[in-house]
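Here's what the structure looks like:
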């Protein structure tokens, strides 16, 4: 209860910083476009509206794609699935990775060796190649793509989480709890995890970006969502041959993906910063107090 | 604000020379270092007006003399020290005043000119040589670099090393800093500082973190070098006893103001400012056990200074006049002893009655609550503890004394179960204790509580004080929310904190308040044995005094047994009934405090006691 309200307080403080607000607005706009897009799209995403690679006109505001479908409608229609997939993959990957990394750091010894060697093995595969491998063996199923991306994230998150948690587990306040005989699970939950907020927030931002790239990349390579479905990654692949005739078919999805990653990272950065201050206090200590502390 | 009438130096300069007749300086005309009305400010930003961190600081130092600059954390002593090198911390700038080295104002120089000055003219010895030396370069490489930059005869290297007390420099020059002990590192830093024969040397707490024996040698070295080469030294420290050992003159800083200055002997024997008097009353002495008086409150932060005298809110001598204006220096003796206090002469008159002796009533010998027998610990075949035997009597306070690396902290960790790879037996309440926390019963875990050294690391920054204190409570007993709140409130009250602290977070608390919270967390479950690992070493003396008095009161009220681990021998005199001296993992001497401290049998203990800095040198 107390922890949840503190997490909310941290996010609240992040939103009030200029950086956090900017990030949230940018990412929020992209999510909004993807979420309500299908409802407001002028045409169906599979309807032939104009000539292939037709220039923007009053019929199709952003012109036509390779088959003469409306670029605007397909852009509005093709984001939601990508965003949801990326979000689930990130949550899974960061969640599993952080849990493994923290366990390795806290319990040490045999656990540490087992977890970290397994992590090393998975790390040996490049992320995209690993996902490709799974998808090409088991077929382009959506759940499989999400799982593949999550699995490829987990080891990297585990490494970062372990390094950060090692530092925390050596702190005296963790020792103080251990002396009382409080079980490890509870210490991890109450004392280790809350002190990793800033590290994990940065990881979430970074991993969400990678998820988008890998999933869009898989679509681009022909895995993932299959034609004629609209998907930002797929659109970039389909329309790149007509880049000169009608650039919007490539530019629109590319710009939206870029905006989303920039927005998310700006926001998670702000949250990480905000979480360095604690409790209900201001993000930064009052400047006077800050310098005074340095002076001591 | 800086009217000439408020100037300390005018009087101090003249008189310092009078004192120094025995050792006439080379050129009595200009002092080696003269600081005149130094003012250092925090630059204004975002609607916050300019705030001074240090103001109206003036003093002089003659060649061959050591000035001790004393103050508690946050008093601005390091800020002043850095200004002597022409350096300012980020966000700070010179607000006025001069720093004259042989008559030349160094604050007016360009960065390039300052660069040429540092080393040959003014040198600096940092607090932690371990982090000031570059870890990836050999010591020899770093020392030669000093000669290479400032020109100089690199053949003098061995001579410089020998002067700093490193008689056999070969192996040291070929080592990396981490391969040296703390004492050796500090000597290397000293050699580096004295290498170019500077005219002024600034030492920023160079012996903090060294054990007393090493500290004594480093102090002797510094003193010797200053006298031999007529170097003026400014020695910054929070430890009055250390300053009493080394300094000819002492200046006391409080909240960025120089509140008292004078010859060391005079200042320590007859403190003229209530703050200095308070510090003297807070320091435990080797010779007698006396009541330690903490000072209530904490120093004001820059920007929050009260009107008038900055010390007024904490001062027992405060009168209405103190609120009106900042007091001007009052010269109290013809040797230049001056203090910024309107009642300075009254304070001096009281100096004989400063200390109140205390008779510790030794509780009758009872069955020991904790018996350690034959405990040994090794880290990868290196023995840390060897066959340690020790009793902690019921309701007694047993001090465990040793230098760093003697194994005293490891012993504490064995007792509380943090360290579980030990051999031997530890009996608690008549039952043998399993080695690690896991094997122990809830009752055993509850009855032995631990307070760690550093209050800045022992409280989870993500939990409120109430949650922190509540952790052991909810682990050991099922309580209703109201009972729980009640117990937390009681625990806070018992360590003299307000109940409203429960809603605060650790970073809103001062070091002393945090250590009180750590104590409350240990006491909230009613332990029988409290293991305290150097719990005052990270605190200022006035705070230490308050914590020690609190601990003694709680011990008496609750019938606690104490295992008090420390390297501070005078503190042992004030707090403990029995004392065990540990050296290199073995018990060296054991007995009552009076026995061991007044008539030590072992040569090691005798040396340890002889090396403790004290005021007899100065007074």
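Residue numbers (my numbering), protein chains in the order written: chain A, 788 to 1083; chain B, 5 to 623.
C-beta atoms are modelled at their ideal positions from N, C-alpha and C, and glycine is treated no differently.
Nearest CB-CB separation between residue 441 (chain B) and chain A: below the 8 Å threshold. Nearest to residue 196 (chain B) by C-alpha distance, out of B:213, B:123 and B:132, is B:123. Rounded to the nearest angstrom, the Cβ distance from residue 527 (chain B) to residue 558 (chain B) is 7 Å, consistent with a contact under 8 Å. Within chain A, the residues 968 have their CB atoms less than 8 Å from the CB of residue 446 (chain B), given in chain order. Nearest neighbour of residue 886 (chain A) by Cα position, chosen from A:918, A:854 and A:946, turns out to be A:946. The distance from the Cβ of residue 268 (chain B) to that of residue 254 (chain B) is about 5 Å, consistent with a contact at the 8 Å cut-off. C-alpha of residue 241 (chain B) to C-alpha of residue 275 (chain B): approximately 18 Å in a straight line. When beta bridges are read from the DSSP output, residue 467 (chain B) appears opposite no residue.
Excluding its 5 nearest sequence neighbours in each direction, residue 994 (chain A) has C-beta neighbours in its own chain below 7 Å: 877, 880, 881, 940 and 944, listed in chain order.
For the stretch 465 to 498 of chain B, the beta-carbon criterion of a distance under 9 Å to any beta-carbon of chain A is satisfied by 465, 466, 467, 468, 471, 472, 475, 476, 479 and 480. Note on residue 251 (chain B): 16 or more other CB atoms within 10 angstroms of its CB, so buried under the neighbour-count rule.
Residue 542 (chain B) is classed as buried because its beta carbon has at least 16 other beta carbons within 10 Å across all chains shown. Among the CB atoms of chain A, one or more fall inside 8 Å of the CB of residue 454 (chain B). When secondary structure is reduced to three states using DSSP, residue 265 (chain B) falls in the strand class.
Counting only unbroken stretches of 3 or more residues, the beta strand (DSSP E) elements lying wholly within the stretch 209 to 260 of chain B are 236 to 241 and 253 to 258, in sequence order.
Using a Cβ-Cβ cut-off of 7 Å, residue 981 (chain A) is close to 466 of chain B, given in chain order. In the three-state scheme derived from DSSP, where H, G and I count as helix and E and B as strand, residue 182 (chain B) is classed as helix. When the alpha-carbon of residue 349 (chain B) is set against those of B:334, B:338, B:408 and B:340, the nearest one is in B:334.
By DSSP's assignment, residue 381 (chain B) forms a beta bridge with B:389 and B:426. Contact between the stretch 95 to 103 of chain B and the stretch 176 to 189 of chain B is not established, with fewer than three Cβ pairs separated by less than 8 Å. What residue 380 (chain B) touches in chain A, judged by beta-carbon distance under 8 Å, is nothing: the nearest beta carbon there is about 22 Å away.
Contact with chain B is absent for residue 928 (chain A), since none of that chain's Cβ atoms lies less than 8 Å from the residue's Cβ.
Considered as a whole, the stretch 500 to 563 of chain B harbours 515 to 527 and 545 to 562 as its complete alpha helix (DSSP H) runs of no fewer than 4 residues, in chain order. Distances from the alpha-carbon of residue 998 (chain A) to those of A:818, A:1044 and A:892 put A:1044 closest.
If you draw a straight line from the Cα of residue 455 (chain B) to the Cα of residue 609 (chain B), it is about 26 Å long. With respect to the 8 Å criterion, residue 597 (chain B) and residue 585 (chain B) are not classified as neighbours on the basis of their beta carbons.
By the neighbour-count criterion, in which 16 or more other beta carbons inside 10 Å mark a residue as buried, residue 965 (chain A) falls on the buried side. DSSP, reduced to helix, strand and coil, places residue 570 (chain B) within a strand of the structure shown. Note on residue 383 (chain B): under 16 other CB atoms within 10 angstroms of its CB, so exposed under the neighbour-count rule. With contacts defined as CB atoms closer than 8 Å, residue 956 (chain A) and residue 891 (chain A) fail to qualify as a contacting pair.
By the CB criterion at 8 Å, residue 1003 (chain A) and residue 869 (chain A) fall inside the cutoff.
By the Cβ criterion, the stretch 443 to 450 of chain B is not in contact with the stretch 374 to 390 of chain B, since fewer than three pairs of Cβ atoms, one from each stretch, lie closer than 8 Å. Pairwise C-beta distances place the stretch 976 to 988 of chain A out of contact with the stretch 913 to 927 of chain A, as fewer than three of them are shorter than 8 Å. At a C-beta separation below 7 Å, residue 420 (chain B) has these neighbours in chain A: 966.
Linking residue 278 (chain B) to residue 427 (chain B) through their CA atoms gives a straight-line distance of about 52 Å. Taking all protein chains in view, the Cβ of residue 91 (chain B) is surrounded by fewer than 16 other Cβ atoms within 10 Å, so the residue is classified as exposed.
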